[in-house]
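**Q** Start counting the sequence shown at 1012; every next residue gets the next number (this note's numbering).
Idealized CB from N, CA, C, for every residue including glycine.
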Amino acid sequence: YATGEFKAQRNPPNDAGEHVLIAAFVAPGMVYPVSRTPDYARPSNLTSKSKLKDRALQPQFNSHYAFVSAANNYECMDGARDGAVMDYDELVCETQQQALPAYRLYFSAPTVAVEYIA
1012 YATGEFKAQR NPPNDAGEHV LIAAFVAPGM VYPVSRTPDY ARPSNLTSKS KLKDRALQPQ
1072 FNSHYAFVSA ANNYECMDGA RDGAVMDYDE LVCETQQQAL PAYRLYFSAP TVAVEYIA
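#1: Give the C-beta separation of H1030 and A1052 to the nearest angstrom, bearing in mind that I take them to be a contact with Cβ-Cβ under 8 Å.
#2: Determine the DSSP secondary structure at P991, reduced to helix, strand or coil.
#3: What is the DSSP secondary structure of Y1013, counted as helix, strand or coil?
#4: Let's see if you can read the secondary structure: which residues bound the beta strand (DSSP E) around P1070?
#5: Since Y1076 and L1116 should fall inside the 8 Å C-beta cutoff, what is the C-beta to C-beta distance between them, to a whole number of angstroms?
Written out as structure tokens, the structure reads:
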């Protein structure tokens, strides 16, 4: 998110050539585990969109948690227990009061694409 990797145009770094990421302690409360079968209209189509996108959290839950795959349009992926490799973990909280900023992490983004090495 700090580099703007998910947008059409990346975020520019600061004057030192760095981006900043805020790390936080989070109290997620009751977590809803997002998965393909109940949360996607076409679970087997890996490019389909989640039914949860742009909607409020599921009733009775304080956050949503998903494994995300860049290769599949940054959508939720199942199979982590079976060895599937995920690119990101995503936690969406109900309110900003669930997060307590801990520190800022400054980093330089790679100038070339980085591949996952198994």
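**A** Taking the geometry as given:
#1: Incorrect: roughly 35 Å between the Cβ atoms, too far for contact.
#2: The shown model of the chain, from 1012 to 1129, leaves out residue 991, and the question about it has no answer.
#3: Looking at the sequence itself, residue 1013 is Ala, so the reference to Tyr does not match. DSSP places A1013 in coil when its eight states are reduced to three.
#4: Premise fails: P1070 is in no beta strand (DSSP E) and is neither H nor E.
#5: In fact, because the Cβ distance is near 21 Å, the residues do not count as touching under 8 Å.
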